[in-house]
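Numbering (the working numbering), first residue to last: 30 to 263. Idealized CB from N, CA, C, for every residue including glycine. Scroll down for the structure; my scribbles are underneath it.
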Ligand SMILES: NC(=O)c1ccc[n+]([C@@H]2O[C@H](COP(=O)([O-])OP(=O)(O)OC[C@H]3O[C@@H](n4cnc5c(N)ncnc54)[C@H](O)[C@@H]3O)[C@@H](O)[C@H]2O)c1
């Protein structure tokens, strides 16, 4: 991966930070873009403060990569937020914020980076969620944004192929912050445990690398088997 450049949004925390660390260890030059100005890049990378929902901010980010790195081989659209509220209380501004950060950002990033990605014969990984397919109450904006990501992924794969491959990862419960899962919550997963950010980073590295060259437009559910588990009331 010598000289190859990867851009990871939301790379300052959680899953994005694990992806950044993994690609850095694999020899990529990593640029993280995060709204948090305190976000720390991996050892050989750099950090850009950016709001991925903002058109100008994304344009400036990609122009900076063109100027400083001169190429872009991989784009990981990972930044995301969730607002959990009863639909009666969810304002239009909150709905639009979630759609903007989670879905519109991917449109803005790929549009801005298309020329660089085509030139590099690069790859894109989008990050959706198992919530694109199943729901808890009061998660309408998040579920809609993630369902949109799954559809946007296959649309982009068709439009950008064969130059650029575009695939989606839909994580289940990945432990980034917050309280530790109980033994029962681990055991609920057919794989025997809740996920960790490195589970997503490993698949991302594969989807950005040459061994996945025949894979595009696909969605990979990484949830320890939970969405395959049939559940009836006792
Ligand atoms: N953790 C999980 O269980 C889980 C499950 C399914 C999907 N996901 C998805 O994975 C992705 C990462 O989740 P996470 O758990 O690591 O979240 P996180 O909150 O730990 O990290 C998200 C990162 O995105 C950044 N960010 C948020 N809004 C931004 C914006 N407008 N512009 C730039 N950066 C912004 C944050 O500063 C943060 O660094 C998200 O898209 C999330 O929806 C997570």
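### Task
Please look up how many angstroms separate the CB atoms of residue 198 and residue 139, rounded, as I've assumed it's under 8 Å.
About 16 Å separates the two Cβ atoms, so there is no contact after all.
### Query
Okay, do the stretch 164-174 and the stretch 108-119 touch, 3+ Cβ pairs below 8 Å being the bar?
yes
### Query
Tell me the DSSP bridge mates of residue 200?
251
### Task
Flag residue 122 as yes when its Cβ comes closer than 6 Å to any non-hydrogen atom of ligand 1, and as no otherwise.
no
### Task
Would you tell me roughly how many angstroms separate the C-alpha atoms of residue 225 and residue 143, rounded to the nearest one?
31 Å
### Task
Tell me where the beta strand (DSSP E) around residue 44 begins and ends.
Run containing residue 44: none in the beta strand (DSSP E); it sits in the alpha helix (DSSP H), 43-54.
### Query
Among residues of its own chain, excluding the 5 on either side of residue 149, which ones have a beta-carbon nearer than 7 Å to its beta-carbon?
100, 101, 102
### Query
Is residue 81 near ligand 1, going by C-beta to nearest heavy atom under 6 Å?
yes
### Query
Under the rule that 16 or more other beta-carbon atoms within 10 Å means buried, what is residue 133, buried or exposed?
buried
### Task
Under 7 Å Cβ to Cβ from residue 232, same chain only, skipping five residues before and after it: list those, please.
198, 249, 251
### Message
As a quick exercise: from 81, 212, 98, 93, pick the residue whose alpha carbon is nearest that of residue 107.
### Response
81
### Query
Can you find a heavy atom of ligand 1 that lies under 6 Å from the Cβ of residue 176?
no
### Task
Would you identify the three-state DSSP class for residue 142, choosing helix, strand or coil?
helix
### Message
Which complete beta strand (DSSP E) runs does the stretch 32-115 hold, if anything under 3 residues is left out?
### Response
34-38, 58-63, 75-78, 103-106
### Query
Hey, quick one: how far does the beta strand (DSSP E) through residue 154 stretch, first residue to last?
152-156
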